[in-house]
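Chains A and B, in that order, are what the protein sequence lines are. FYI, our numbering numbers position 100 of the first sequence as 100, with every residue one higher than the one before it. Each number in our numbering corresponds to the 1-based position in the second sequence with 247 added.
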Amino acid sequence: MNDMIEVSGVSKSYGGVVANHDVSMKVPEGKITGLIGPNGSGKTTLFNSIVGYHPIDNGSIKFEGQEISDMRVQEIARLGMLRTFQQTRIYSKMNCVQNMLISVPHRNASFSDMFKKYPAEVTEKAEHLLDFVGLFSKRKLISGNLSFGQQKLLEFAMALMNEPKVLLLDEPTAGINPTLINGLIDRLKRANTEFGITLFVIEHNMRVVMNLADNVYCLAHGEMLAHGTPEEIQSDQNVIDAYLGAH
Amino acid sequence: MIMNKFVLYGGFLAFGLFGPLLFPAYTSQISILWLMVVFALTWDIMGGQMGYNSLGNIFFFGIGMYACSLVQIGLYFDVAQYTAHSGSVKVDFTSEQYFTGFFLGLIVAAVVATLLAVVFGWIVFGLRGPYFAIGTLGVAIAAGELIGTWDYVGGGGGISLPGYPGDTDGTLFYYYIMFGLSVATFLFLKWLYASRFSLAINAIRDDEEKAEGMGIQTKRYKTVAWSISAFFLGISGGIFGNMTGFIEPLEVAFPTVTFGIFMVLMALLGGKGTLWGPIVGAILFHVIKELTWTYLLGWQWIALGALIVINVVFFQQGIVGWMQDKWPEKFGIEVDTQLGADDEPATEAAK
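As structure tokens, then:
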């Protein structure tokens, strides 16, 4: 089993606040890896470090064996590692199909590609993926007018359109109608099995993590607290203490 | 719909081609109108479509003007000598000299402006929002001041350009060149906005960080967008310099507070981020400006100021933007009719 992402000894502080301290972890290829932890435990900071939003203070981050800790966001994205945002980010004045079209992979985009039109099969793929997340009937609407949950689904579809190798999802079910969450879990699993995308998911909803992940990491106070299968994590005394606030 | 388009394009073309023949007294005014259309269209690439409000696009206009003029003169004279005597000696060019220099000058103007856009893009694209606006304004003002101190190109005194050869003063010639440029700009942008380029720069406008996160080569798109603006502005500067016959840095080549601001206002008035908005804005703005200059002389700047305030405070989406809100279906925009996401896939393929 290859490791898609390998984080070793990563530290990151903002001024005096240590957000991540000596964090090490691995995301195995083809699996769904979960990341849990109380609020403020440094989960999103770790995500941002991995995808290159800020430089890290110490340590190394490897993607498919290649050191990426000194690369920029776009370069890392073009290698095939994408993230979605906790506060959903879409192109709000464009319609859903346009949001999808501009999300095609840019890995091999040449200079002249900038001026090309989209072939019909790309549009078809965009509509197919919108249908996959349940937004087909909304495809011509301006995306900024969609509800928060729908925008979240659109962002997920945009990520799929980009054909990433690894997708980092920051709380994919937050703000989504509970009745739609089961459908979303199902879609995330299908993205993993059918499209072969390795997933790395931050999630607060324990039911979702336990359902979804093959293995789970738990962060607390910026340090890696525990690692194991969902069952192991659920019964780990340290994890329980962290969530209940004991030390 | 096709009929409407035919009338629209046909009307523009007919007016453009025959306007100066029907109203010869207004030929210069209509030339300026087409210049305004070029201004508004090129500003909107960055300001409207990409969300980068440049206040310094006039820089490329001025650079194009100087580049073109220097080529025209430099081909047949020593530039320093010519500019030193500028004004006192009027040099007559033969037709061949004049037109060779003029067209070669326009090409050089376009190339130089485009190259400078790439160079300055490298510097100013690190800036966002208001900082970008002020940064670009600084570039334009600095360029005017610098050229004003450069005696080789005539300094603050400017350059008197070679006169148009032949019996006429060339008004009609420049008119058709300027009209041709505005048509070329429009057709180019119409083509450009139908490609993925338009989606990419719209994405940068809506959320640049997201666009970077999705792997879009944002810097490449931004640089090319600015270069396109610069290309057409450079040519327009070359033409306008010859139209006026005399160029100097502050009022003619780098007029940041008149032309430089007008291009922003016209795009806002017509509706930024649309293809037709800047054109509508440019026409309306130019007509209002000429009317106030004719009938409200002394009050013209106040009238113009009032128009700007009304536009910015009450009418931010501009004319075409307002029409899109009012009749979305006419612009191919769909509005929501049902609530909630689909629980079941609509097509068999996704099941």
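For every residue, glycine included, the Cβ atom is placed at its ideal position computed from N, Cα and C. All values reported here derive from a predicted model rather than from experimental measurement.
Pairwise C-alpha distance: residue j and residue i
i, j, result
"G368/B", "M224/A", "43 Å"
"V318/B", "V355/B", "8 Å"
"F509/B", "T396/B", "26 Å"
"Y411/B", "F340/B", "8 Å"
"M425/B", "A529/B", "15 Å"
"W546/B", "A380/B", "29 Å"
"V10/A", "M114/A", "37 Å"
"N108/A", "T432/B", "30 Å"
"Y421/B", "D453/B", "39 Å"
"L353/B", "C315/B", "5 Å"
"G579/B", "D572/B", "11 Å"
"F259/B", "A553/B", "29 Å"
"D291/B", "R190/A", "43 Å"
"L621/B", "A387/B", "Since the first residue of chain B shown is 248 and the last is 598, residue 621/B is not available in this structure."
"Q183/A", "G228/A", "Looking at the sequence itself, residue 183/A is Gly, so the reference to Gln does not match. Cα to Cα, the separation comes out at about 26 Å."
"G175/A", "V209/A", "16 Å"
"N177/A", "S60/A", "38 Å"
"F487/B", "M312/B", "7 Å"
"G52/A", "D22/A", "17 Å"
"G16/A", "T505/B", "50 Å"
"F265/B", "V365/B", "38 Å"
"K466/B", "F372/B", "8 Å"
"D414/B", "S342/B", "11 Å"
"K43/A", "I233/A", "16 Å"
"L363/B", "L130/A", "42 Å"
"E64/A", "I50/A", "13 Å"
"E67/A", "E456/B", "22 Å"
"D214/A", "L35/A", "11 Å"
"L544/B", "F270/B", "23 Å"
"D398/B", "A327/B", "8 Å"
Beta-bridge pairing of residue i - partner residues as DSSP gives them
i, result
"N20/A", "K12/A"
"K26/A", "E6/A"
"L146/A", "Its beta-bridge partners do not exist; DSSP assigns none."
"N192/A", "In the DSSP output, where bridge partners are listed per residue, N192/A has none listed."
"N215/A", "T33/A"
"E581/B", "L141/A"
"D170/A", "I202/A"
"M224/A", "L219/A"
"K62/A", "E6/A, E67/A"
"F493/B", "S407/B"
Supposed contact pair residue j and residue i - C-beta distance, whole angstroms, cut 8 Å
i, j, result
"Y323/B", "Q296/B", "Actually they do not touch by this definition, with Cβ atoms about 41 Å apart."
"I494/B", "G405/B", "6 Å"
"T289/B", "V400/B", "T289/B to V400/B, Cβ: 24 Å. No contact."
"Q86/A", "E203/A", "Q86/A to E203/A, Cβ: 11 Å. No contact."
"V104/A", "M25/A", "Rounded, the Cβ-Cβ distance is 30 Å, inconsistent with contact."
Close beta carbons around residue i, own chain, < 6 Å, minus the five adjacent residues each side
i, result
"G568/B", "G518"
"L169/A", "T84, V201"
"F307/B", "A360, A477, L480, G481"
"I142/A", "N95"
"E595/B", "Residue placement at E595/B is flagged as unreliable, the pLDDT there being 46, under the threshold of 50; the coordinate-derived value follows with that caveat. Here the set comprises nothing."
"I90/A", "N99, S143, Q151, L154, E155"
"A357/B", "F478, G481, I482"
"K165/A", "G80"
"V338/B", "P409"
"H533/B", "L280, M283"
"V18/A", "G222"
Same chain only: Cβ atoms within 8 Å of residue i, ignoring 5 sequence neighbours per side
i, result
"G294/B", "N300, S301, V511, A514, K519"
"I463/B", "A447, A450, I451"
"I566/B", "L516, G517, G518, G524, V527, G528, L531"
Same chain only: Cβ atoms within 7 Å of residue i, ignoring 5 sequence neighbours per side
i, result
"G144/A", "S92, K93"
"S41/A", "L219, A220, H221, G222"
"T491/B", "V499"
"N48/A", "H54"
"G382/B", "V371, L374"
"G402/B", "G395, T396"
Any non-hydrogen atom of the ligand SAH within 8 Å of residue i CB
i, result
"Q296/B", "As for the ligand SAH, it is missing from this structure, which has no ligand bound."
*Output the residue ranges of the beta strand (DSSP E) runs that lie fully inside the stretch 64-142 of chain A and measure 3 residues or longer, sorted by chain position.*
Those beta strand (DSSP E) runs which fall completely within the stretch 64-142 of chain A and span 3+ residues are 81-83.
_4-residue-minimum alpha helix (DSSP H) runs that sit fully inside the stretch 302-350 of chain B, ordered along the chain_ = Runs of the alpha helix (DSSP H) lying entirely within the stretch 302-350 of chain B and spanning at least 4 residues, in chain order: 305-321, 326-331.
_Contiguous alpha helix (DSSP H) assignments of at least 4 residues, all confined to the stretch 525-577 of chain B_ = Fully enclosed alpha helix (DSSP H) runs of 4 or longer: 547-561, 565-573.
_Secondary structure, alpha helix (DSSP H): runs of 4+ residues fully inside the stretch 451-477 of chain B_ = If we require 4 residues or more, the alpha helix (DSSP H) runs fully inside the stretch 451-477 of chain B come out as 455-460.
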